[in-house]
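Encoded structure:
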């Protein structure tokens, strides 16, 4: 993590024009931020009850709803998410904060242990905060990623240092202001515009008890290495090349609609979106024709206009990367059935076929509106192809056979399997992956169980 020239700036994704810049934090300011977070954990976190912290989190949810327009508009300005999706992201954040506030006492309740026969006394697990945590968050969900990390940990009593993506500084500051206005004390939630080198120093600080990163496998490996050297717990949510497995259906049009929706969400820049479409032989030709037509019907437009389905990629760099990736895939034998046209920093929705095992694209993640479609002979072939990837984040399975659904779900190597549904994330559902997609879970009860001291109390 040797990037001392990190620049926090709002850059127009369409034009590349820098709209605003923000200074990085000084080393002394960062040391003070860690100190304050540690002191706040020692004082405020331990002197307040869970009900008090839950009330503050409910207030955060209220403020998200009150500031919905400003927060969503900022998301669009920073990373070009279509405005309707940005509204949905802000709404989801409010629901997450309410969820953890509503269930805080349940999640932190003592857990009795049944002792072995003949043992006298009792035992239970008591959960408590561990201290200062560092969150390292990406640009593709400027508000949601923070909510699923900060929500459970603040209600537990941990204090949070948040290092946002350099291209989302206005979202970072707006969210920090929400926590202040909700009544959280100084040091409970602190935004830090840190460089990568400074992040390494934070992870190495003995007062920092955990780090959560959502980002690339490369960034995850770097953070995990530093955390390992310093015995700091880490949760990683990394990339994904999620399979969309279609084995049978009685409504192909609805399946195609779901396929387009999951592939184009966030301009194709969502970690757990379907990216590889594995279609049973008897459905392949019809699916490919309908999917190609539906993808071709979507045009890149101004993401700030209600109703927009697809905007530009998040930055000129992201567009350059996708353009090079597509060119390499075609050079190595893939066929572009539709799309593949770059318009500024936007791309027309793209469908690839003929991606063979010797093509680099076979094991890569396309972070943009690109779908690879594969023909599979049967269930076994679909499972084999679904699992033939370094990643294991999410997956999607469409079948009319209930027994097959459970059987295939058991066989898919992923942290999540969605059967006959897409876009079904919810605050109570745990989110995370396996293999190169990381480890640990966020959201749901599991999200409140990552950074806690599960202390055994044994009474004789």
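Numbering (our numbering), first residue to last: 42 to 501.
Note that beta-carbon positions come from the ideal geometry of N, C-alpha and C, so glycine has one too.
Residue range of the unbroken alpha helix (DSSP H) whose run includes residue i
i           : result
residue 132 : 124-149
residue 220 : 210-223
residue 301 : 293-305
residue 420 : 420-428
residue 80  : 68-81
residue 456 : No alpha helix (DSSP H) contains residue 456, which DSSP labels as neither H nor E.
residue 269 : 258-270
Exposure of residue i, with buried meaning 16 or more beta-carbon neighbours within 10 Å
i           : result
residue 323 : exposed
residue 204 : buried
residue 361 : exposed
residue 44  : Note that residue 44 scores 46 on pLDDT, short of 50, meaning its location in the model is unreliable and no value can be drawn from it.
residue 333 : buried
residue 465 : exposed
residue 79  : buried
residue 467 : exposed
residue 351 : buried
residue 496 : exposed
Length of the line joining the Cα atoms of residue i and residue j
i           : j           : result
residue 304 : residue 489 : 30 Å
residue 302 : residue 341 : 14 Å
residue 398 : residue 391 : 20 Å
residue 54  : residue 227 : 33 Å
residue 133 : residue 82  : 27 Å
residue 283 : residue 57  : 30 Å
residue 168 : residue 293 : 48 Å
residue 359 : residue 388 : 11 Å
residue 420 : residue 400 : 23 Å
residue 354 : residue 262 : 25 Å
residue 75  : residue 249 : 8 Å
Beta-carbon spacing of residue i, residue j below 9 Å
i           : j           : result
residue 503 : residue 197 : Residue 503 lies beyond the residue range present for the chain, which begins at 42 and ends at 501; the question has no answer from this structure.
residue 344 : residue 123 : yes
residue 380 : residue 435 : no
residue 516 : residue 286 : With the chain running from 42 to 501 in the structure shown, residue 516 is simply not present.
residue 179 : residue 212 : no
residue 202 : residue 171 : no
residue 253 : residue 491 : yes
residue 317 : residue 161 : no
residue 142 : residue 130 : no
The beta strand (DSSP E) enclosing residue i, as first and last residue numbers
i           : result
residue 193 : No beta strand (DSSP E) contains residue 193, which is instead part of the alpha helix (DSSP H) from 185-197.
residue 50  : 49-52
residue 176 : 173-177
residue 237 : Taken as a continuous stretch (DSSP letters only), residue 237 belongs to no beta strand (DSSP E), being part of the alpha helix (DSSP H) at 237-245.
residue 167 : 163-169
Test: residue i CB closer than 9 Å to a CB of chain C
i           : result
residue 206 : No chain C appears in the structure shown, which is made up of a single protein chain.
Contact test: residue i Cβ vs the ligand NAD heavy atom, cutoff 8 Å
i           : result
residue 417 : Although the ligand NAD was asked about, the structure shown includes no ligands whatsoever.
Unbroken stretches of the alpha helix (DSSP H), 4 residues or longer, contained in the segment 475-500: 485-488
Runs of beta strand (DSSP E) lying entirely within the segment 353-408, each at least 3 residues, in chain order: DSSP assignment within the segment 353-408 yields the following whole beta strand (DSSP E) runs of 3 residues or more, N-terminal first: 376-379, 391-394.
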